[in-house]
Amino acid sequence: MNWLPRPADGTAWVAPSLLSADFANLGPDIADLTAHGADLLHLDVMDAHFVPNLTFGPFICGAIRRLSDLPLDAHLMMTRPHDYLESFAKSGVDGLTIHVECDAPIAETLARIGDLGMKRGISLNPGTPIDSLYPYLNQVDLILVMTVQPGFGGQSFNPVGVEKIADLAARRAAGEGDFLINVDGGINDETGRLCRQAGADILVSGSWLCKAADRSAAVRALRGPG
Ligand code: DX5
Ligand code: ZN
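Printed below as a string of structure tokens:
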């Protein structure tokens, strides 16, 4: 397993969402994102049920594993992620993030993810209240705050996530759990700064980062001072 510690104060790790990468040219595109400073890779798994879109599953995650040594964080937008945990573990991803809104027994599924040797992540949609995560704060390594309705790249940032990030950071500072705070959806230099200042540790960026004319500058802008 390959994972990241908390970033230096005031900075964030940068996670390109491969949804916006060039899948017809994925090896070179991942190498390019890596050369320009990506810290980990965000893999958007969509099942055409939890969200309307359909992307890829463990088989492609395994292929991506062979293309990169960076930590791989799989964001499972799936109704039944608990049916696929072993397959994802075999694919070689380092972290699995399930949605609190899915049909899985949440606590058992998080425990199983940990038992399989992966980091345990939980996510929530923009419309889901933050207190839905409170029962799990001590059972996760990663919390993914969605700032768009999941399903598609290229949507506009919903600022409801900023307050959620600040709430989670305050709870963690008060000793509730020890997790990284990840944010996903509509992240660019400006929205990324807001999230970083609220306490986000990992900024996921799809379209803005992958399509930037200068990916190094985009990564630096997301990472922040330090
Ligand atoms: C949305 C995905 C995101 C998406 C982000 O369902 O979870 O990871 O790729 O893309 P942007 O940064 O374009 O909003
Ligand atoms: Zn995502």
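Per our numbering: the sequence shown = residues 26 to 251.
Ideal Cβ placement from N, Cα and C applies to all residues, glycine included.
Does any heavy atom of the ligand ZN sit closer than 7 Å to the C-beta of residue i?
i	result
H100	yes
D54	no
S157	no
H67	yes
Per DSSP, what kind of secondary structure is residue i in: helix, strand or coil?
i	result
L95	coil
K189	helix
T122	strand
W38	strand
I227	strand
D72	strand
K236	coil
H61	coil
D108	helix
R31	coil
D9	Because residue 9 is not part of the residues shown, which for the chain are 26 to 251, the question remains open.
S181	coil
N213	coil
V173	coil
V208	strand
Use the C-beta contact count for residue i: other C-beta atoms within 10 angstroms, 16 or more gives buried, fewer gives exposed.
i	result
R197	buried
D209	buried
D34	exposed
L79	exposed
S230	buried
Tell me which same chain residues have a C-beta within less than 6 Å of the C-beta of residue i, skipping the five on either side of it?
i	result
P175	V76 and M102
W233	N213
H107	A129 and T134
D64	W38 and V39
P83	S112, F113 and S116
A242	none
With respect to 7 Å, is the separation between the Cβ of residue i and the closest non-hydrogen atom of the ligand DX5 below this value?
i	result
F177	yes
Q164	no
G94	For clarity, residue 94 is Asp in the given sequence; the question names Gly instead. Outside the cutoff, so no.
I168	no
L110	no
W233	yes
Note down, in chain order, each residue of its chain lying with its Cβ closer than 7 Å to the Cβ of residue i, except the 5 sequence neighbours on either side.
i	result
I138	L110, L121 and R145
D47	D54
E215	none
Once the 5 residues before and after residue i are set aside, which same chain residues still bring their CB inside 8 Å of it?
i	result
L66	A40, P41, L43, I55, L58, I89, S93, L95, P96, L97 and D98
R31	L205 and D226
Would you say residue i faces chain D, with C-beta separation under 8 Å as the test?
i	result
D34	Among the chains of the structure shown, chain D does not appear; only one protein chain is present.
If contact is defined by three or more beta carbon pairs under 8 Å, each pair taking one atom from either stretch, is the stretch 51 to 71 in contact with the stretch 87 to 107? yes
Meets three-Cβ-pair contact criterion under 8 Å: the stretch 177 to 194 and the stretch 85 to 98: no
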